[in-house]
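Enquirer:
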Amino acid sequence: MPAAPRPTAGALLVGDAFNMRHPLTGGGATVALSDIVILRDLLRPLHDLDDTAAICKYLESFYTLRKPLASTINTLAGSLYKVFCASTDPARMEMRHACFDYLSLGGAFSSGPMSLLSGLNPRPLSLVFHFFAVAVYAVGRLLLSFPSPKRLWLGVQLIYVASSIIFPIIKAEGVRQMFFPFTVPAYYRLLLPERWETKKIREEFHERCTNFAATSICQCYYEGSELCMFRKRELYTSN
6 MPAAPRPTAG
16 ALLVGDAFNM
26 RHPLTGGGAT
36 VALSDIVILR
46 DLLRPLHDLD
56 DTAAICKYLE
66 SFYTLRKPLA
76 STINTLAGSL
86 YKVFCASTDP
96 ARMEMRHACF
106 DYLSLGGAFS
116 SGPMSLLSGL
126 NPRPLSLVFH
136 FFAVAVYAVG
146 RLLLSFPSPK
156 RLWLGVQLIY
166 VASSIIFPII
176 KAEGVRQMFF
186 PFTVPAYYRL
196 LLPERWETKK
206 IREEFHERCT
216 NFAATSICQC
226 YYEGSELCMF
236 RKRELYTSN
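Residue numbering for the sequence shown follows the numbering used here, starting at 6 and increasing by one per position.
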């Protein structure tokens, strides 16, 4: 279920309490722990947690910063549920068998999906890559043994089924927020005080965040009018 922020003074929901996902992958606790880490770093500059107005502004950025990992876990859980749910569709049955065989290949074929399941890799593009890699692997299994017209048509159906499973979920999660969170104004809102409008600092920050956006959270903290810290915090361990 895509996240729909409901700002409430004095209350904050994280994990499954904020937006539920299918329990197949056990991703609720993973998202909750990630939310806690993001909130810890976002609220660190605050000295007064009774300042509701300031906290609400910080939370606007929180909803944007959590999106890549939360949406990746949501999409993965929803996609796997649709693949493994009871169905007599031959294409879905082939997809199910291909999932197990793909993981049994070992190496990046198993560590990649496992890093997505565990939340160590919050990159949505990695999820899309591995999901369609399974589909292509399933098509290859069909055609390499005996490439008959019937098997070729089943391969086409399999790619269609894979697309019809994952793309609607991604659309519901929000393509921009999921793949390009650094284009959302709230991503920078906390990082842009009045003195931020100096061209040099703005360009430097934009360049660094563009470089790191797929793998990290870029945070700038200000003290007075000067940029006092720029920190890149890795959210996952690369394979």
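The C-beta atom is built at its ideal place from N, Cα and C for all residues, glycine as well. Remember, predicted model here, so these are calculated numbers, not experimental data.
#1: Suppose only complete runs of 4+ residues qualify. What are the alpha helix (DSSP H) ranges in the stretch 98-153, listed by chain order?
#2: Is the stretch 163-176 close to the stretch 52-59, with three or more CB pairs under 8 Å?
#3: In the DSSP assignment, the alpha helix (DSSP H) including A16 goes from what residue to what residue?
#4: Which residue's Cα is closest to the Cα of R146: I60, Y107, L38 and N79?
#5: Comparing alpha-carbon positions, which option in G31, E65 and D46 lies nearest Y86?
#6: Where do the N-terminal and C-terminal ends of the alpha helix (DSSP H) with C61 fall, by residue?
#7: Can you give the Cα-Cα distance for G111 and K72, rounded to whole angstroms?
#8: Which of the three DSSP states, helix, strand or coil, is assigned to T93?
#9: Hey, out of V144, L122, P190 and A167, whose CA is closest to T77's CA?
#10: Please work out which residues of its chain come closer than 6 Å, Cβ to Cβ, to L47, disregarding the five sequence neighbours upstream and downstream, and give them in chain order.
#11: Hey, could you find the ends of the alpha helix (DSSP H) F184 is sitting in?
#12: Can you grab the Cα-Cα spacing for the pair V88 / M119, in whole Å?
#13: Do R26 and G83 have their C-beta atoms closer together than 9 Å?
#14: With distances taken from CA atoms, which of T93, P127, V144 and N79 is nearest C104?
#15: If you run the structure through DSSP and keep just helix, strand and coil, what is D40?
#16: Nearest to S115 by alpha carbon, out of R128, R101, E99 and V139?
#17: Please say whether A167 and F136 have beta carbons closer to each other than 9 Å?
#18: Are T80 and L132 closer than 9 Å when you measure CB to CB?
#19: Rounded C-beta distance between P186 and L70? I'm assuming under 8 Å.
#20: Helix, strand or coil for D53 per DSSP?
#21: What's the gap between the Cα of S153 and the Cα of F172?
Expert: Concretely, from the data shown:
#1: 113-123 and 129-150
#2: no
#3: Run containing A16: none; DSSP gives neither H nor E here.
#4: Y107
#5: G31
#6: T57 to L70
#7: 29 Å
#8: coil
#9: L122
#10: Y63 and F67
#11: V180 to F184
#12: 17 Å
#13: yes
#14: V144
#15: helix
#16: V139
#17: yes
#18: yes
#19: 7 Å
#20: coil
#21: 29 Å
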